[in-house]
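When we follow my numbering, the leftmost residue of the sequence shown carries the number 14, and every step to the right adds one.
Even glycine gets a Cβ: it sits at the ideal position worked out from N, Cα and C.
Working notes, beginning with the structure itself.
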Amino acid sequence: MARNVSIIILYNQDKKILLQHRAEDAKRLPGYWGFFGGGIEASETPEQAVKRETLEELNYSLKNPKLLMKQNFSWQNENNEKYVFIEEYDPSKKLTLGEGQNFGWFHLSEIDSLKIVDHDMEVLKFIKDKY
């Protein structure tokens, strides 16, 4: 079944981005590093989904996520669509991990050593060229 997803790229004043280290027992991409976000429910817009997922996974309320790009990708022979949002992190708000085994802030120059699925790496290369 195709699954459309919304993800957030949070970046800080040092131009580092926040990535999630997925749990080893995760249903999708166990042990990989990736973005926070998830599936868009039938009654949601992509923006509503990214706000809900960010609240669930980080206990963080997005202010005004900007749609950066849409990406079509295949996963297990299914065609999916990923909505990529971006927003600057507000350091006055605390992040609380609600999903995954860990998270970390990374400069784009540091991501090559991480285990990241190819379609997420494409997004990271896209923002590397733009930001």
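Check                                                                                                                           : Outcome
Contained alpha helix (DSSP H) runs [length at least 4] in the segment 57–122, N- to C-terminal order                           : 59–71
CA-to-CA distance, S56 to D27, given in whole angstroms                                                                         : 36 Å
Neighbour-count burial assignment, Q89, 16 or more Cβ in a 10 Å radius                                                          : exposed
Contacts around V137, its chain only, beta-carbon distance under 6 Å, and the 5 residues preceding and following it disregarded : One point to set straight first is that residue 137 is Leu, not Val, in the sequence displayed. Closer than 6 Å at the Cβ level, and outside the excluded window around L137, lie I124.
Best match in A36, F48, L42, E37 for proximity to I30 [C-alpha to C-alpha]                                                      : F48
I140 versus E91 - alpha carbon distance                                                                                         : 25 Å
Limits of the alpha helix (DSSP H) - the one that V136 falls within                                                             : 131–143
Coarse secondary structure for I22, derived from DSSP in three states                                                           : strand
Candidates E69, F98, L127, T109, of which the one nearest P78 by Cα                                                             : F98
Buried versus exposed call for G51 [16 or more other C-beta atoms within 10 Å across all chains shown]                          : buried
Collapsed DSSP secondary structure at I124 in the structure displayed                                                           : helix
Cut-off 6 Å between Cβ atoms - residues of its own chain near N85, not counting five sequence neighbours on either side         : E94
CB of A62 within 9 Å of CB of E54, strictly                                                                                     : yes
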